[in-house]
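A.B. asks: Listed in order, the protein sequences are those of chains R and V.
Position one of the first sequence corresponds to residue 82 (our numbering), numbered consecutively onward.
Position one of the second sequence corresponds to residue 82 (our numbering), numbered consecutively onward.
All C-beta atoms in this analysis are idealised placements derived from N, C-alpha and C, irrespective of residue type, glycine included.
Protein chains: 2
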Amino acid sequence: MYNPRVPSKPRRSPKPHERQRDPDHTRKLILDAAAAEFSAHGYVGARIRAIAARAGVNQQLISYYFDGKEGLYQAMSQQWQQRQRELVPPGTPLPEQLRRYALEVLHNPEGPRLLAWSGLQYTGPDDDPDRASRTRQLADSVDELRAVQESGRLPAEVDPACLLVMLMAAAMATTTLPQVIEGVCGTDPKSAGFVEHFADQVAVLARLIGLEPA
Amino acid sequence: MYNPRVPSKPRRSPKPHERQRDPDHTRKLILDAAAAEFSAHGYVGARIRAIAARAGVNQQLISYYFDGKEGLYQAMSQQWQQRQRELVPPGTPLPEQLRRYALEVLHNPEGPRLLAWSGLQYTGPDDDPDRASRTRQLADSVDELRAVQESGRLPAEVDPACLLVMLMAAAMATTTLPQVIEGVCGTDPKSAGFVEHFADQVAVLARLIGLEPA
DNA sequence: AACCGTGTCAAACATTTGCTTGATAAAACC
DNA sequence: GGTTTTATCAAGCAAATGTTTGACACGGTT
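1) Would you say the beta carbon of R/A156 is closer than 6 Å to some non-hydrogen atom of the ligand ATP?
2) Would you say V/F119 reaches chain R, if we count a Cβ-Cβ gap shorter than 7 Å as a contact?
3) What in chain V is Cβ-close to R/D240, meaning under 9 Å?
4) To the nearest angstrom, how far is it from the Cα of V/A156 to the Cα of R/A183?
5) Relative to the C-alpha of V/H188, which candidate in V/A136, V/Q165, V/Q230, V/G205 has its C-alpha closest?
6) Is there a Cβ from chain V that is less than 7 Å from the Cβ of R/M247?
7) Just how far apart, CA to CA, sit V/E225 and R/S144?
8) For R/E296, name the three-state secondary structure that DSSP assigns.
9) At a CB distance below 7 Å, what residues from the segment 196-225 of chain V approach chain R? Give them in sequence order.
10) Does R/G152 come within less than 7 Å of chain V when only Cβ atoms are used?
11) Between R/A242 and V/C243, which are expected to be in contact by the criterion C-beta below 8 Å, what is the C-beta distance as a whole number of angstroms?
12) Kindly provide the ranges of any alpha helix (DSSP H) runs that are 4 or more residues long and lie completely inside the segment 139-215 of chain R, ordered along the chain.
13) Under 9 Å Cβ-Cβ, which residues of chain R neighbour V/E263?
14) In whole angstroms, what separates the C-alpha of V/K90 from that of V/I111?
15) Whose C-alpha, out of R/F119, R/G123, R/A252, R/L245, is nearest the C-alpha of R/V229?
16) In chain R, which residues lie less than 7 Å from V/M253 when you measure between Cβ atoms?
17) Where does R/Q218 sit, in a helix, a strand or coil, going by DSSP?
18) What's the call for V/G149, buried or exposed, on a 16-neighbour Cβ count within 10 Å?
19) Could you compute how far the alpha carbon of R/A284 sits from the alpha carbon of R/P270?
20) Kindly indicate the opening and closing residues of the alpha helix (DSSP H) around V/Q282.
21) Determine contact between the segment 250-264 of chain R and the segment 211-222 of chain V, defined as no fewer than three beta-carbon pairs at a distance below 8 Å.
22) So, under 8 Å CB-CB, R/A197 and V/T257 are touching, yes? Tell me the CB distance rounded to an integer number of Å.
23) Output the distance between the C-alpha atoms of R/H278 and V/D209, rounded to the nearest integer angstrom.
24) Going by the beta-carbon positions, is the gap between R/P176 and R/A287 smaller than 7 Å?
25) With distance defined between alpha-carbon atoms, name the residue in R/P171, R/Q160, R/G192 nearest to R/A220.
26) Can a CB atom of chain V be found closer than 7 Å to the CB of R/G274?
27) Measure the CB-CB distance between V/A251 and R/M253 and report whether it falls below 7 Å.
28) Under 8 Å Cβ to Cβ from V/R128, same chain only, skipping five residues before and after it: list those, please.
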């Protein structure tokens with residue numbers, strides 16, 4: 082969690098964690114608190130006061146560092162986008178990739194939730210600054226699907242891009258449709274046991290439509 | 082909560098739509114406006130003033146009829162739940178059912194959106210009054226999948242309940258993941274053309290995993 | 001015609017929200 | 001060591017939000 086960031090110029094200062102003022106650490110505290118709050122309640126539902134409280138810092142520092150709620154949201158999104166990018170090692174076969182994505186909800190549910198919130202708030206291509214980045218990242222997976230299709234394991238009538246979207250949505254179901262799961266499966270959709278079971282089922286589905294791992 | 086108040090005595094009154102005061106009509110105006118507003122912005126994002134404006138009635142009437150925002154939300158949910166129930170003719174094969182569900186977004190996008198919002202707000206089985214109703218409705222589909230499985234067209238390792246959830250989530254993707262679609266497919270995820278295409282792809286997926294229509 | 005219950009409205013209210021201000025002290029600089 | 005910069009805080013503000021109040025007029029009853 083705590084990252085004692087070496088300052089840009091070599092400063093002969095006391096050990097950072099003994100400092101009474103540590104901007105980088107504070108920024109990080111705020112960003113983490115923001116991720117928790119925004120992912121829990123969405124943009125409109127998130128409260129600046131709550132974020133400050135979670136971070137254990139003065140509320141005003143949010144304006145100081147990020148220029149208000151909007152700025153904080155954007156900075157936080159960007160940080161998460163990057164973390165997400167680092168998370169997926171390139172070259173992982175799709176079924177496994179999907180299974181991991183479904184499992185992700187256990188260790189940091191913030192990612193899928195933020196994506197889901199932003200989907201419902203989405204108004205058009207203009208207000209999505211991460212579009213290019215996300216596109217780039219998913220393009221590989223689409224290519225992989227297209228390759229499978231050309232190898233004949235996937236019927237020609239399938240649109241690879243749509244298929245990928247459908248599989249992503251399916252893998253996110255524990256996040257987007259917990260009520261339905263609760264109703265249909267009768268179990269707590271957030272419990273580790275179920276999430277693992279569901280992740281396996283996602284992989285089964287992927288295999289079922291012909292995306293065998295090598 | 083919602084009580085459609087048939088006038089206790091049969092009144093010999095002028096045509097309702099010429100009346101200057103028409104409680105039933107007003108209720109309906111408010112409920113429709115609420116569905117539009119809540120589905121557009123979610124519960125926290127919805128503004129009582131906006132709902133009143135949409136309905137063309139005084140803001141106070143919302144408290145008068147529904148006892149505030151919370152009450153209105155609940156009444157509106159219940160109404161929509163019922164409408165949804167009437168919409169699905171029993172006995173429709175699953176692939177077609179899914180295709181229609183995916184298409185639904187064209188004619189009344191409110192339904193899927195409300196479901197998605199409520200999923201993200203979901204905290205536990207307690208705060209979901211529609212659970213029983215939804216469960217009953219989906220149980221049939223699970224049974225159908227189980228039957229397909231027993232007929233051997235679906236591998237034993239598949240959990241029918243999970244599969245149904247995944248397929249629902251997939252069918253809702255134009256609602257839940259428009260940003261991703263915009264990025265991956267490069268088209269407007271709300272355009273009629275794409276929605277139809279996507280609905281077909283959902284049906285293709287269903288067929289792909291062995292759920293052939295009779 | 002007088003009366004009353006109820007549907008409707010305009011205005012105001014208490015609370016919450018995100019943000020700004022002004023002061024203060026810790027660090028960095030020379 | 002003295003000065004400047006900057007990280008932090010407490011208090012307060014204007015706008016917005018959901019709700020309450022009080023008035024009033026329509027529609028039916030007597």
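C.D. replies: In short:
1) Inclusion of the ligand ATP in the displayed structure is not the case, the ligand content being empty and no account of it being possible.
2) If you number the second sequence from 1, residue 119 of chain V lands on position 38. Cβ-Cβ to chain R under 7 Å: no for V/F119.
3) Mapped onto the first sequence, residue 240 of chain R falls at position 159. Within 9 Å Cβ-Cβ: C266, H278, F279, D281, Q282, V285.
4) As a position in the second sequence, residue 156 of chain V is number 75, starting the count at 1. As a position in the first sequence, residue 183 of chain R is number 102, starting the count at 1. Straight-line Cα distance between these residues: approximately 34 Å.
5) The count along the second sequence starts at 1 and reaches residue 188 of chain V at position 107. Comparing Cα-Cα distances from V/H188 to each of V/A136, V/Q165, V/Q230, V/G205, the minimum goes to V/Q165.
6) Residue 247 of chain R sits at position 166 when you count from the first residue of the first sequence. Yes, because at least one Cβ of chain V sits closer than 7 Å to the Cβ of R/M247.
7) Here residue 225 of chain V is taken as the residue at index 144 of the second sequence, counted from 1. Here residue 144 of chain R is taken as the residue at index 63 of the first sequence, counted from 1. Rounded to whole angstroms, V/E225 to R/S144 spans 55 Å at the Cα level.
8) Chain R is shown from 82 up to 295; residue 296 of chain R falls before or after that span and cannot be answered.
9) A197, W198, S199, G200, L201, Y203, P206, D209, R212, R215, T216, L219, V223
10) For the purposes of this step, residue 152 of chain R is taken as residue 71 along the first sequence, with counting starting at 1. It does not; no Cβ of chain V falls within 7 Å.
11) Start at 1 with the first residue of the first sequence, and residue 242 of chain R comes out as number 161. Start at 1 with the first residue of the second sequence, and residue 243 of chain V comes out as number 162. Not quite, the Cβ-Cβ distance comes to about 24 Å (not below 8 Å), so this is no contact.
12) 141-147, 149-168, 175-188, 191-202
13) Your numbering for residue 263 of chain V matches position 182 in the second sequence. The answer, in chain order, is Y203, G205, P206, D209, R212, T216.
14) As a first step, residue 90 of chain V must be located in the second sequence, where it is residue number 9. As a first step, residue 111 of chain V must be located in the second sequence, where it is residue number 30. Note on V/K90: pLDDT 31, under 50, position unreliable in the model; the coordinate value appears next. One C-alpha to the other measures close to 25 Å.
15) In the first sequence, the residue the question calls residue 229 of chain R occupies position 148. Here the closest residue by C-alpha is R/L245.
16) What you label residue 253 of chain V is simply residue 172 of the second sequence in a count that begins at 1. Near V/M253 (Cβ distances below 7 Å), the residues of chain R are A250.
17) By one-based count along the first sequence, residue 218 of chain R stands at place 137. It is helical.
18) By 1-based counting over the second sequence, the position of residue 149 of chain V is 68. It counts as exposed.
19) Taking the first residue of the first sequence as position 1, residue 284 of chain R is located at position 203. Taking the first residue of the first sequence as position 1, residue 270 of chain R is located at position 189. Cα-Cα distance, rounded: 18 Å.
20) Residue numbering aside, residue 282 of chain V sits at position 201 when the second sequence is read from its first letter. Where V/Q282 is concerned, the enclosing alpha helix (DSSP H) stretches over 273-289.
21) yes
22) Taking the first residue of the first sequence as 1, we reach residue 197 of chain R at position 116. Taking the first residue of the second sequence as 1, we reach residue 257 of chain V at position 176. Yes, R/A197 and V/T257 are in contact; Cβ-Cβ is about 6 Å, under 8 Å.
23) Taking the first residue of the first sequence as position 1, residue 278 of chain R is located at position 197. Taking the first residue of the second sequence as position 1, residue 209 of chain V is located at position 128. If you take the alpha carbons of R/H278 and V/D209, they lie about 24 Å apart.
24) Position 95 of the first sequence holds residue 176 of chain R. Position 206 of the first sequence holds residue 287 of chain R. Yes. Within cutoff.
25) Reading the first sequence from its first residue, position 139 is the one you call residue 220 of chain R. When each option's Cα is compared against that of R/A220, the closest is R/P171.
26) The count along the first sequence starts at 1 and reaches residue 274 of chain R at position 193. No, R/G274 lies away from the interface with chain V (no Cβ there is under 7 Å from its Cβ).
27) As a working mapping, residue 251 of chain V is identified with position 170 in the second sequence. As a working mapping, residue 253 of chain R is identified with position 172 in the first sequence. No, these two residues do not count as a Cβ contact at 7 Å.
28) Residue mapping note: residue 128 of chain V aligns to position 47 of the second sequence, counting from 1. For V/R128, where only same-chain residues beyond five positions count, the Cβ hits under 8 Å are E118, H122.
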